[in-house]
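Using the numbering used here, the letters of the sequence shown correspond one by one to residues 1 to 317.
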Amino acid sequence: MKDGEDILGLFPDYLRGVWEHTAAQAAFLQEIRLRADGPVLLRLGRRECFLARDGSMTDDIAQAYYIGRKELEGILNHICRYSVYAFEEELRQGFLTVPGGHRIGVAGQVVAEEGGRVKRLKHISYLNIRIAHEVIGAADSVMPFLYEKGRFLSGMIVSPPGCGKTTLLRDIVRQVSDGNPHGAGLCVGVVDERSEIAGCYMGIAQNRVGIRTDVLDGCPKAAGMMMLIRSMAPQVVAVDEIGSPEDVQALLQVLQCGSSLIVTVHGSSMEEVRGKRYIKDLLELGEFRRFILLGRNRGNGFVEGIFNEEFALCSGF
1 MKDGEDILGL FPDYLRGVWE HTAAQAAFLQ EIRLRADGPV LLRLGRRECF LARDGSMTDD
61 IAQAYYIGRK ELEGILNHIC RYSVYAFEEE LRQGFLTVPG GHRIGVAGQV VAEEGGRVKR
121 LKHISYLNIR IAHEVIGAAD SVMPFLYEKG RFLSGMIVSP PGCGKTTLLR DIVRQVSDGN
181 PHGAGLCVGV VDERSEIAGC YMGIAQNRVG IRTDVLDGCP KAAGMMMLIR SMAPQVVAVD
241 EIGSPEDVQA LLQVLQCGSS LIVTVHGSSM EEVRGKRYIK DLLELGEFRR FILLGRNRGN
301 GFVEGIFNEE FALCSGF
């Protein structure tokens, strides 16, 4: 976990006094939501509270700290190193990634080009600071099931939103790349479309994703998978949140090239995923040998089951 200095560094010097207590809660902090002329909202685990005017946390909106438009603009300028125009392309995508792997979502007035493509954002009035949390060892319990006689098996993580699928994927990538008791280190290619796996800042991964890992940051998944296959010859390709027929077609091509896959997909059960039209063809090939189902029955991020290619619960789980 990055320490509180990363969080304090997001704010100009003249504002840091009010954020010191929040930064000290870095291990539990998930989101800081800033809305121009609105109260500052903090999310710590399942708790939502307000930033108080004295810098503490409160459940009483009457004590909440309201952030002014100029103050919010000052924070954004500081994050962009006082050159917002230099970050115009990233802002057009709706987010920035900053040192420490933290991600800043932005919203405001959209200026669109003909055809509906977003040209740029102006009058940015909303910031969502999502705090990066690495959990080294998060994949320890699933790694033995992802190998067979030292060979990595293609796997799919199935999870409802907010159950830690990206955290699990990141640690699987790290362990596959570095090598682990179940298999030697492999070259891994990560297509990080939303900068959530590696958390790259200026092209450098801020999260630990392994010594044999190459990352395409901010690249659409379908195009990125093909780029990696052509340029980096990965033995394993990792992508988060498969969600379109184009993604599935790219996955099929990766498999045809002989690389293994580790991917995530939204779903609350194996039955739900198997019923998704755009994934059916992929599953019928039988190339995915392991399915890791996450759920909330025993807490967020808990592994509910690990299944084989026949969708039977793996022995020993």
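Ideal Cβ positions, reconstructed from N, Cα and C, are used throughout, including at glycine.
For Leu-251, the uninterrupted alpha helix (DSSP H) run begins and ends at 245-256, by DSSP. Of Arg-130, Glu-89, Val-135 and Ser-125, the smallest CA-CA separation from Arg-117 is found for Glu-89. The beta carbon of Glu-287 is closer than 6 Å to those of Ser-154 and Leu-255 in its chain, skipping five residues each way along the sequence. DSSP places Asn-77 within a helical segment (H, G or I) once states are collapsed to three.
By alpha-carbon distance to Lys-276, the top candidate from Leu-285, Ser-244 and Leu-293 is Ser-244. In the DSSP annotation of this structure, Lys-122 is not part of any alpha helix (DSSP H); the continuous beta strand (DSSP E) holding it starts and ends at 118-130.
Listed in chain order, the alpha helix (DSSP H) runs fully inside the segment 153-236 are 165-178 and 221-231, counting runs of at least 4 residues. Distance check between Leu-313 and each of Val-142, Glu-31, Pro-181 and Glu-134 places Val-142 closest, using alpha-carbon atoms only. Residue pairing by DSSP places Ile-67 opposite Gly-38 in a beta bridge. Around the beta carbon of Gln-109, a 10 Å sphere encloses fewer than 16 other beta carbons of the protein chains shown; the residue is thus reported as exposed. With a cut-off of 8 Å on Cβ pairs, the segment 4-15 is in contact with the segment 98-105, counting three or more such pairs. Your pair Ile-61 and Leu-34 does not check out as a contact, with CB atoms roughly 16 Å apart and the cut at 8 Å.
Unbroken alpha helix (DSSP H) runs of no fewer than 4 residues, entirely contained in the segment 84-108, are found at 88-92, following chain order.
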